[in-house]
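*Asks:*
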Amino acid sequence: QVQLVESGGGLVQAGGSLSLSCAASGSRVRINSMAWYRQAPGKQREWVATSTSLGVQSYADFAKGRFTISKLSGENTVFLQMSSVRPDDTAVYYCRAISGSDSYWGRGTQVTVSS
-13 QVQLVESGGG LVQAGGSLSL SCAASGSRVR INSMAWYRQA PGKQREWVAT STSLGVQSYA
47 DFAKGRFTIS KLSGENTVFL QMSSVRPDDT AVYYCRAISG SDSYWGRGTQ VTVSS
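Going left to right, the sequence shown walks through residues -13 to 101 as this note's numbering numbers them.
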């Protein structure tokens, strides 16, 4: 079993920056990729960005140029640097780890962007 704990959420003004982190712990499984998702009130959860064990990063269109996903080398820790945030970035941000056919989720961290 893998536990994921997100941190770094909070209140930020539009145009500002915020950094989220997610640390995986627990069973010594091989994690193939780690990703960020978000869910705004009344909306479905949506994918934000992924970082694979091969060092490949990918982003949703709304995140390109504003968000950066990075992974701590040799550790199952992933970060999401958010810049030029907008009120519509307000959501609970979730971390996800994929190990083979298994998928693990964190409990989420709230990000609120004020206008």
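Where is the CB? At the ideal position from N, CA and C, for every residue including glycine.
#1: Between the C-alpha atoms of Asn18 and Leu(-10), what's the straight-line distance to the nearest angstrom?
#2: Under three-state DSSP, which class holds Asp47?
#3: Which value, in whole angstroms, describes the spacing of the CA atoms of Val99 and Tyr79?
#4: The beta strand (DSSP E) that contains Thr63, what's its start and end?
#5: Taking the Cβ atom as the reference point for each residue, do Thr63 and Ala9 lie within a distance shorter than 8 Å?
*Replies:* Considering the structure as presented:
#1: 14 Å
#2: coil
#3: 13 Å
#4: Thr63 to Met68
#5: yes
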